[in-house]
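Residue numbers (my numbering): 2 to 169.
Note that CB positions come from ideal geometry on N, CA and C, so glycine has one too.
Since the structure comes first, as structure tokens, the remarks are kept for the end.
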Amino acid sequence: MQPQDSGIKTWQWVVTVIVIIVLIVIGFMAFGGKGTPAPATNGTATNNSNNNVPGANSIIISDQYPGNVVYVSSVQLVAAGWVVIHSDNKGQPGAIIGETYVPAGINPAKVTVTSPIVDGGTYYAMLHSDNGDQKFDATVDVPLTDTNGNTIMRVFHGSVSAGANIKG
Numbered sequence: 002m003q004p005q006d007s008g009i010k011t012w013q014w015v016v017t018v019i020v021i022i023v024l025i026v027i028g029f030m031a032f033g034g035k036g037t038p039a040p041a042t043n044g045t046a047t048n049n050s051n052n053n054v055p056g057a058n059s060i061i062i063s064d065q066y067p068g069n070v071v072y073v074s075s076v077q078l079v080a081a082g083w084v085v086i087h088s089d090n091k092g093q094p095g096a097i098i099g100e101t102y103v104p105a106g107i108n109p110a111k112v113t114v115t116s117p118i119v120d121g122g123t124y125y126a127m128l129h130s131d132n133g134d135q136k137f138d139a140t141v142d143v144p145l146t147d148t149n150g151n152t153i154m155r156v157f158h159g160s161v162s163a164g165a166n167i168k169g
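Here is the structure:
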């Protein structure tokens with residue numbers, strides 16, 4: 002005796018499941034993750050620059066061992082620019098204590114600072130444009146911003162626990 006055919010064959014179930022999965026993926030891509038991003042304070046910052054290229058300009062930096070050098074893990078720039086290190090001024094970027102020119106593309110960066118990074122100190126790594134002369138001038142090489150007008154920067158701290166591999 003043969004089992005009775007239920008009318009829906011196995012391949013129809015497989016096709017139905019695949020269609021449902023595809024619809025879920027499309028729905029997630031269209032509607033998922035589009036909320037307002039929280040302000041970044043540490044780790045990776047990826048923001049859009051003034052040229053409105055998504056993810057074009059970003060900076061990755063971790064806490065730094067005290068010393069005179071700041072190591073930036075990765076800088077991504079559409080056009081050549083600057084990584085500028087600021088000291089802290091009551092929770093906001095303060096005086097510029099170092100800068101380094103970075104070519105377009107994805108590159109690591111090393112910034113020598115004029116005031117040493119100290120254990121427990123708060124600092125800001127900020128991306129600036131370059132007016133084409135490869136000489137930093139804070140009045141013309143302005144901070145890069147995202148499409149919402151937020152400055153592209155990362156907060157980091159001086160820390161003896163940052164590790165010997167990132168000593169400055």
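Relative to ASN151, the option among VAL141, PHE157, TRP83, LEU128 whose CA is nearest is LEU128.
Secondary structure at THR17: helix, using DSSP grouped into helix, strand and coil. In the DSSP secondary-structure assignment, PRO144 is bridged to HIS129. About 12 Å separates the beta carbons of ASP134 and TRP83, which is beyond the 8 Å limit, so they are not a contact pair. Under DSSP, VAL84 shares a beta bridge with THR101, LEU128. A Cβ-Cβ distance of about 14 Å is found for the pair SER74 and ILE86, leaving them out of contact under the 8 Å criterion. Partner residues in the beta bridge of GLN65, as assigned by DSSP, are GLY159.
ASN58 and VAL15 have their C-alpha atoms roughly 43 Å apart.
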